[in-house]
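Peer 1:
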Amino acid sequence: MNGATNCVFCNIASGQIPSLKIFEDETIFAFLDISPLAEGHLLVVPKKHYVSLADMPEDQVAALTRHLPRLMRAVMGAVGAEGCNILQNNGRSAGQEVQHVHWHVIPRSADDGLGYRWNASSYAEGRDEKVQKDVLAALTVHAH
Ligand code: 5GP
Ligand code: ZN
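In the working numbering, the protein residues as written are 1043 to 1186.
So this is what it looks like as structure tokens:
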């Protein structure tokens, strides 16, 4: 059994909690968000319980994300959206409220009033090279 019994998205993916399903295969489940940012707002989840994208095996990520272009085209076509945000929050500090990894598919139009704070900053002299060095070192440590 893949599911965490007290996890809302495990229970949705297994059909124990009802949802408005859009797509399902052996590894993923896509359904309408109950509190949409826009009509057609979808959630796409792996059937197996992972908290974060960082916990997922690469093949599971590929098995899920390969469906995003088609789901996105369907949603955009159905609601007549001009654009679409794919949003994926990991960790409470990043706005993740449901602790089962998920992708938001959010159709957008120019006048929809949605937005988010994108407080762009800048690096102090030399700081960007230091950050690059640290990330490259971490990438070596975390290589598979
Ligand atoms: P997060 O903030 O974790 O990235 O997003 C969680 C999303 O799950 C929210 O957009 C919320 O509306 C949605 N959600 C939470 N509980 C349910 C539910 O029981 N059913 C459905 N369809 N969506 C849910
Ligand atoms: Zn779960």
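We treat Cβ as the ideally placed atom computed from N, Cα and C, and that holds for glycine.
Does the count of Cβ pairs from the stretch 1139 to 1153 and the stretch 1164 to 1181 closer than 8 Å reach three?
Peer 2: No: fewer than three Cβ pairs fall under 8 Å.
Peer 1: Could you name each continuous alpha helix (DSSP H) segment of 4 residues or more that falls completely within the stretch 1050 to 1113, going from the start of the chain to the end?
Peer 2: Those alpha helix (DSSP H) runs which fall completely within the stretch 1050 to 1113 and span 4+ residues are 1050 to 1055 and 1100 to 1107.
Peer 1: Quick one: is Gly1125 buried, meaning 16 or more other Cβ sit within 10 Å of its Cβ, or exposed?
Peer 2: With fewer than 16 Cβ atoms within 10 Å of its Cβ, Gly1125 is classed as exposed.
Peer 1: With a threshold of 8 Å, establish whether the CB of Thr1113 neighbours any heavy atom of the ligand 5GP.
Peer 2: First, the residue type needs correcting, since residue 1113 is Leu and not Thr in the sequence shown. No - the ligand 5GP has no heavy atom lying nearer than 8 Å to the Cβ of Leu1113.
Peer 1: Mind checking whether Phe1113 and Phe1065 have CB atoms under 9 Å apart?
Peer 2: The question names Phe, but residue 1113 in the sequence shown is Leu. Yes. Within cutoff.
Peer 1: Do you know how far the Cα of Ala1080 is from the Cα of Arg1115?
Peer 2: Taking the straight line from one Cα to the other gives about 15 Å.
Peer 1: Start and end of the alpha helix (DSSP H) containing Leu1181?
Peer 2: Leu1181 -> alpha helix (DSSP H) spans Arg1169 to Val1183.
Peer 1: With respect to the beta strand (DSSP E) encompassing His1146, which residues constitute its N-terminal and C-terminal limits?
Peer 2: Where His1146 is concerned, the enclosing beta strand (DSSP E) stretches over Trp1145 to Arg1150.
Peer 1: List the endpoints of the continuous beta strand (DSSP E) containing Gly1122.
Peer 2: Counting along the chain, Gly1122 falls outside any beta strand (DSSP E), and DSSP gives it neither H nor E.
Peer 1: May I have the straight-line CA-CA distance separating Val1173 from Ala1046, to the nearest angstrom?
Peer 2: Computed Cα separation, rounded: 37 Å.
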